[in-house]
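Asker:
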Amino acid sequence: MRKLTFLFTCLLLVGIGLVNAQSKSISGNVFSADDGQPVIGATVKLKGTTVLSITDTNGKFIINLEGNAKTLVISYVGMKTVEVEAKNNLTITLDPDSKQIDEVVVTAMGIKRSEKALGYSATSVNGSDISKNRTSDMMSGLAGKVAGVQISSTSSDPGTSNSVVIRGFSSLSGSNQPLYIIDGVPLTNSSVYSTDGLNSGSDFGSGANAVNPDDIENMTILKGAAATALYGNRAAAGVILITTKSGKAHNKGLGVEYNGGLQWESVLRLPEMQNDYGMGWNGKKTQLENGSWGPKFDGSMQLFGNIYDNSQKWKSYVGLKNNLKDFFDTGFRYSNGLSFNGANEKSDYFVSFSQLRDNGILPTNADTYNKYTFSARGSHKVGALTMSSSINYETQKNSFSTTGQGFSMINSLYQTPRDISIIGLKNLSDPFNSPGYYYTPYGVTNPYYVLANNENTYNAEKIFGKFQLDYDFLRFFKATYRIGLDATNSEQDNASPNLKSLYAGTPDASGNLEKEEGNVEITTVRRREINQDFLLTFSKPVNDFTINALAGANINERKYSDLDASVTGLDIPTWYNLSNSANTPVVSTYNWLRRLFGVFGQVDLSWKSMLYVTGTARNDWSSTLPKANRSFFYPGITTSFVFTELLPSSVTDWFTFGKIRAAYGKTGNDANVYMVDPVFAQASANASGWTESAVTFPLNGVNAFSKGNVLGNKNLSPEITTEYELGTNLAFFKGRISLDASVYNRNSDKQIFSLNMDPASGYTAQNLNLGKIQNKGIELLLTVRPVQTKDFSWDVSCNFTKNISKVISLPKELGGIARIYGLTGSTSMYAIVGQPLGVFKAEVAKRDPDGHIVVNSTTGLPIAADTFATLGNMNYKFEMGLSTTIKYKSFSLAIDFDIRQGGLMYSRTKEINYFTGNAIQTIYNNRNTFIVPNSVNQVTTDGKVTYVTNTTPISSSDITNYWGTGGSDMGSYTLIDKSYIKLRSVVLSWNLPNSWFRKTPLQEVRLSAYGNNLLLWTPATNTFIDPETSSFGNDLEGKFGEYTSNPSTRRFGVNLMVKF
Amino acid sequence: MKKIISFVSLAVFLSGCSLDVNTNPNYPSSVPSTLVLPAVENSIASAVGDAMYNYAGFFAQYYDQMPEANQYNTIANYTFTESTQLIDRSYQTLYAGALEDVDVVLKDANSTAADKYAATVLRAFSFQLLVDNMDKTPYSEALQGSANAMPKWDEGQKVYEGVLKELDLAEANLGSATMNCSDLLLSKSVTQWIGFANALRLRMYLRFVDAGIDVAGYTAKIKTLVDAGAFFKKDVKFDVYSDQTGKRNPWYASNKVSLAMNHVGAYPIISYLQATKDPRIAYDFVPATKTNTYAGAIPGSKDALGKKNADYSFLNYYATKPVYFFTQSELQFLLAEVYLRFYSDDAKAQTAYEAGIDADFSARGMTESSSVMYGPNGKVAWSTATDVAAKLKLVYMQKWVALCYMDHMEAWSEIRRTDCPKLSSKTAAQINADATVYTPGELISPMLDGLGDGNMVKRMFFPIVARQLNTNTPVSVPVTTSVWWDKK
């Protein structure tokens, strides 16, 4: 704290010194003709003299007049230099010169800076690029387009969340999602997903989905610690800064914009299934099986399923090739958006409405997303005081067909034998299609019935906005106070019918229906975040120097409460209400509150638009840490040097721009709430792990408490990330070729983690600061414009990211290994010292010293190795994006590819397709008995182990079992290579010639057609899923993989934009 | 302007409320130990009455995997591995649940000596279960939290000795104390707790004797116990369940509610119950749908025989059935064994034997009189056995019958200690082909025996969770290796 006080005092003294240095001068503003934005850092020179000024962050300059000089020369890299007569209150507009190579970037705390001044990598994206491919949220349109930023959709179901990971995962337990800041105010981005991805996976999106992409003027992605330090604690995983559109003055037109679109979606990737074998098990036909382990198709007529009313269904014993695909519909979405804006010298306003209705690829309305947004913002100037406010309202209603095992729609689909027509199950008034007489009793049911009768919806309302005061004083100072609010209320409803009573007396051979007594669960959640900032900024050019300084304080409070009520045993089988049961509803609540205080400061110095240095510092105090470790300080410094300023014009004619930069910064990350003190909880025991097996107090009128299994820690301290970054920005031939390159080394130390322990210690986990994770990487962005004529241009850009993660340390006494996520008895994902984060270990077959598979000499089946093997890790080897844009007159065509190479993930879709014999791989050797290739038997004589060639084939009755347990890969078969190449988007747009509607109020009309996720290529071994999907949320655990997730989709759409 | 600035500063700096808001409002930070003891009982009930109960029931050959379902294939075929994690959750439930909460009771200044005694008995019982499953288990360094995150594993014999010593010590401190803790197991009766402790001692002493460890010393201890006769009355059972989510018998909740049914009666028990004309068959099983007679599946025969569910007897399910920690019936059979082996007192042995059958009939609420078993025409009447060996066999076989659907973990342990029922010398295939080669009640090596023909499960694997998180976990031991007390 003492350091900061000192810093502020210095600033103040410098400021006062500078204020006195004024003399006779004129002022003016420089704007870009391209987007009407102020041009920052433009050089304003008094012609024929050495007098020079640089425009500030508002594009404003003040220059001293000297002698008889009456002409100003205004120049800026990438823009055409203009000369104007020197007079006061000038407004100068600069036209772009060829390709603009230096942009205005909004940096931390909303400070606009010239990109060349930045000492770190920051990617600025225009609103039009975000909204161009018409995704319903703002992030998924950027997938594969920004180096160093991994954007993945957790699923293709309408309205789901995105995983956005900047420069790798650096926190084992905290959030790795970036902090979203909208117009200076943090946006609560908690994602709403089911924590029971195994049984009832669902994803209802995250807070960032509430933003209407059409409202965005600009987005800046701040990646490194030095760039984000001002946002403190919460920005450890990077910052997405969003500036929304504001009102502008219109010379012509009314300032009205309309966007309307239609979109269709279809299935992109389904598991590849065999078409040779049908309903049966162990090579025999059966009438009740949910698998395709029967004999080869023979075209015969087969009775199948249960008997009802002395009759039974029959089918041809032939494979139905498109069976699965035919189940899915064409999804349809329509959206409308309307905005109004305007401004005069004193005030501006912007109002927008948007509506979106999406019904995905599942038949019925079980997968829908309805979203409405409303935004209103404006500002008003009174003298030196500017008041501005913004209010945004969003309401949504989603339906999601839950994924996972059991009676889920998708699980039931994947277990359908290849000869049972799925669309033949559609008529639910047919008793054979009801759960009571469904063809199989084995843990699945009619997918149409699930869609029609199970309820899983989410309703939310979100209000976020701010009120802000800016006061300019003493000419170079500005004081800002801002209060922001983000409040969300939501209700999630989950219900299923009482099949036990609906289908009493049906041939429920496995008793599956009997346990489905119906349930209703309602969860309401309230979240509220209040954020206050006080800022003091100072900006002044002095001769060749410009100084910008800022000091501020921040108070943040986040509050959460939920109320969950559920009841089972519905008396009226399909009426979903908590009162509909003789059982007592189970009710629980959970609340938390956390606060964070921070003070921060930043000083920028620049010299001759050539050398820039920025220092930042912040100190946070967090309520979630023990008192003694509550305060933490982190500084950062960045510098950049535009070396091309020193080169002669003969060189700068082709070597237009060159900058090198370096940054060092730290950020902290506090703990989650309540990790410090131990607690007791109402007692419950569950030694078999099934949901229903838990026996929970009160029992027999007696209540009991049990000591919590997670050990608290009174010595927790914040996670600290330290990052070094070096980079360069180069432009050649007036920006026709440009390169942005960064290397970074990011070390996240003192990870806060709830580490699993051997329960024999009395606890199952302990909260610890335990170790260090390193992420090193390279980010490259190369853009080339090979062709440019008056009417035609062609741009190609390629971004490349390689991030290498490494777990540097974990406490020795814990064996240097920590489990991140895993499944009971099988594959798990770990942090292991010396290895990349997220290593997969799984069961593999035992091998002899020569690598042959050891099999059981009696059964011929592989024997599991004594220990699990390391198979690989969750990280991509590299990620790459390729984009090209072709423009001809008013037509433009943009194509984007997203390429990700390497890495493993868990796939239950594969597992279940092996288990049911639907997977194409299971027809190996035409399902005849075979000897496991290269297998041996272990022989022990006199305690000596030798290996002999195996001659025992797998018996025909074991073939089902062999594949069902992973074949010779054993448990590790559930891991798949998650590499892919996606044709992310193709956008064709056409701006109608203005001449067509010159006499109408229309200002601009643009028609576009687009396709998203059009094509997907995966390695030959992945015949199962789109590897982008996840069933475990959007953070680190999500990288474990998928647990029978719904299939991904491709989308096509058309959009009309009209401006009045 | 000044006004605005002062307003702003005020808003920023005075609205700054306290940072001391990190006390969890959702859970209590401390509770009286009186509210903790029932949690211990519930945790143990979940382990011994659900996960352990389930696999031990396969090993005791009470039931087998239903042919048209798949949940327990690996248990039925003995092909489960360490990574099948059969014991992991019980291990966690006993250590991080029961034993950790025992510690709370023992360390609470307000606990009475009787509270601590009851807690110590439950602690001894928990460790007995762990040892009977895995032979070795963490004991001397267990339950120390972060002070020792990787406790060493102790030899099973040392653990038995340790908990027996703890019982003695707690009893010495008992005085005339009464219990303050809520008690769902024995209703705060200190006499019953002493009786339960003595029964546990008897059970464990017999294992020392049969392992050949200090035979004279433990025989003397057994006689002292039996002479004093201070054992519990009725059953030691956790009888709290009701037919509602979260309140049901945990094995029922797992196997009838969470999973669809997966069990059918096994051939050995059903054939024995039929051969002995035992009416308890109707308590355990229902006749097979196809034949309307009782029919059991030959162990591990599911894949080989391709039978249907309808071919076999299903189980009867009881949603509110108690979990038995120690049945009166088992106690009586142990006493019968002691009278035969160490007192050579045939009359007392017969009385205890018949009391064992009585107790079991009573626990099951049978309407038939238990004398149908041991009365004049009873197939298992005391008079049917002529020598001590045959009488011991009667006792052991009836214990096996009486533990069926009552206490499977103990049934599996006692099979291992007494080698009774014994393993049939015929293979499953031979028995399937010709039932006459088989003596009803003999165990059968599964038709598909992943451990190799004739090999039975003698212990449980160590938990994966310990393997992964504790480097002191011993190297994996095959499940065909006997535990330390299983010397016969």
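Chains A and B are the protein sequences, given in the same order.
Each residue of the first sequence is one higher than the one before, starting from 43 at the first, in the numbering used here.
Each residue of the second sequence is one higher than the one before, starting from 2 at the first, in the numbering used here.
Yeah, the Cβ is synthetic: ideal placement off N, Cα and C, and Gly gets one too.
1) Using a Cβ cut-off of 7 angstroms (strictly closer), state whether A143(B) contacts chain A.
2) Out of curiosity, what's the CA-to-CA distance linking G152(A) and L136(A)?
3) Pick out whichever of E497(A), F739(A), Q830(A) has its Cα sitting closest to the Cα of N407(A).
4) Residue range of the beta strand (DSSP E) that W634(A) falls in?
5) Establish whether the CB of A52(B) and some CB of chain A are separated by less than 7 angstroms.
6) Between R90(B) and chain A, is the shortest Cβ-Cβ distance under 7 angstroms, so that the two count as touching?
7) Among residues of its own chain, excluding the 5 on either side of Q158(B), which ones have a beta-carbon nearer than 6 angstroms to its beta-carbon?
8) Is the beta carbon of Y383(B) sitting closer than 7 angstroms to the one on Q431(B)?
9) According to DSSP, is W356(A) helix, strand or coil?
10) Does A500(B) come within less than 7 angstroms of chain A when only Cβ atoms are used?
11) Please check if any C-beta of chain B sits within less than 7 angstroms of the C-beta of S803(A).
12) Could you check where the beta strand (DSSP E) with D51(B) kicks off and where it finishes?
13) Kindly list, in the order they appear in chain A, the residues whose Cβ is closer than 7 angstroms to that of E443(B).
14) Report all residues from its chain with a CB closer than 7 angstroms to the CB of R208(B); omit the five preceding and five following residues, and keep chain order.
15) What residues in its chain sit with their C-beta under 7 angstroms from that of W154(B), if we drop five residues either side in the sequence?
16) Which residues in the same chain have their Cβ closer than 7 angstroms to the Cβ of L470(B), if we skip the five residues on either side of it in sequence?
17) As an exercise, report each continuous beta strand (DSSP E) stretch of at least 3 residues that is fully enclosed by the segment 419-458 of chain A, in chain order.
18) For the beta strand (DSSP E) holding E355(B), just list the boundary residues, first then last.
19) To the nearest angstrom, report how far apart F462(B) and P479(B) are at their CA atoms.
20) Which stretch, first to last residue, makes up the alpha helix (DSSP H) that contains D171(A)?
21) So which residues of chain A does D304(B) contact, with C-beta pairs closer than 8 angstroms?
22) Among Y219(B), S363(B), F315(B), which one has its Cα closest to the Cα of K234(B)?
23) Give me the DSSP bridge partner(s) of E761(A).
24) Does the separation of the CB atoms of G325(A) and F339(A) fall below 7 angstroms?
25) G266(B) versus chain A: which residues are under 7 angstroms apart at the beta carbon?
26) Beta carbon of R90(B), beta carbon of G731(A): below 7 angstroms?
27) Could you compute how far the alpha carbon of F59(B) sits from the alpha carbon of A77(B)?
28) Does the distance from the CB of S664(A) to the CB of L638(A) come in under 7 angstroms?
29) For E436(A), which of H292(A), G247(A), G333(A) has the nearest alpha-carbon?
30) Have a look at Y376(A), R788(A), V124(A) and flag the residue whose alpha-carbon is nearest the alpha-carbon of I850(A).
31) Cα separation between S396(A) and V1100(A)?
32) So which of N71(A), N100(A), S163(A), S156(A) has the shortest CA-CA distance to G769(A)?
33) Looking at A40(B) and D102(B), is the spacing between their C-beta atoms short of 7 angstroms?
34) Taking C-beta pairs closer than 8 angstroms, name the residues in chain B that V737(A) reaches, listed in chain order.
35) Can you check which of these residues, K367(A), E503(A), N383(A), E259(A), is closest to G295(A) by C-alpha distance?
36) Quick check on N310(B) - is its C-beta less than 7 angstroms from some C-beta in chain A?
Answerer: Per the coordinate set shown:
1) yes
2) 23 angstroms
3) E497(A)
4) Element bounds for W634(A): 628-649.
5) Contact of A52(B) with chain A is assigned, a C-beta pair being separated by under 7 angstroms.
6) yes
7) Within its own chain, the residues whose Cβ lies closer than 6 angstroms to the Cβ of Q158(B), once the five positions on either side in sequence are excluded, are W485, listed in chain order.
8) For the record, residue 383(B) in the displayed sequence is Trp; it is not Tyr. Result no, Cβ atoms of W383(B) and Q431(B) do not sit closer than 7 angstroms.
9) Note: W356(A) maps to strand in three-state DSSP.
10) Here chain B comprises residues numbered 2 to 489, so residue 500(B) is not present and cannot be evaluated.
11) yes
12) Counting along the chain, no beta strand (DSSP E) covers D51(B), and no H or E run does either.
13) The contacting residues do not exist; E443(B) stays about 22 angstroms from chain A at best.
14) The residues R418, W486, in chain order, have a CB closer than 7 angstroms to that of R208(B) in the same chain once the five nearest residues on each side in sequence are set aside.
15) K137, T138, P139, N473, T474, P475
16) none
17) 427-441
18) Looking at the DSSP string, E355(B) is not in any beta strand (DSSP E); the run it does join, the alpha helix (DSSP H), is 347-364.
19) 7 angstroms
20) Following the DSSP letters along the chain, one finds D171(A) inside the alpha helix (DSSP H) bounded by residues 169-173.
21) N324, S999, D1000, N1003
22) S363(B)
23) N711(A)
24) no
25) In chain order: nothing, as chain A lies at least about 16 angstroms away.
26) yes
27) 6 angstroms
28) Between S664(A) and L638(A), the C-beta spacing is below 7 angstroms.
29) G247(A)
30) Of the listed residues, the one whose Cα sits closest to I850(A) is R788(A).
31) 15 angstroms
32) S163(A)
33) At the C-beta level, D102(B) and A40(B) come within 7 angstroms of one another.
34) N43, A46, S47, Y242, G247, K248, R249, P251, A254
35) N383(A)
36) yes
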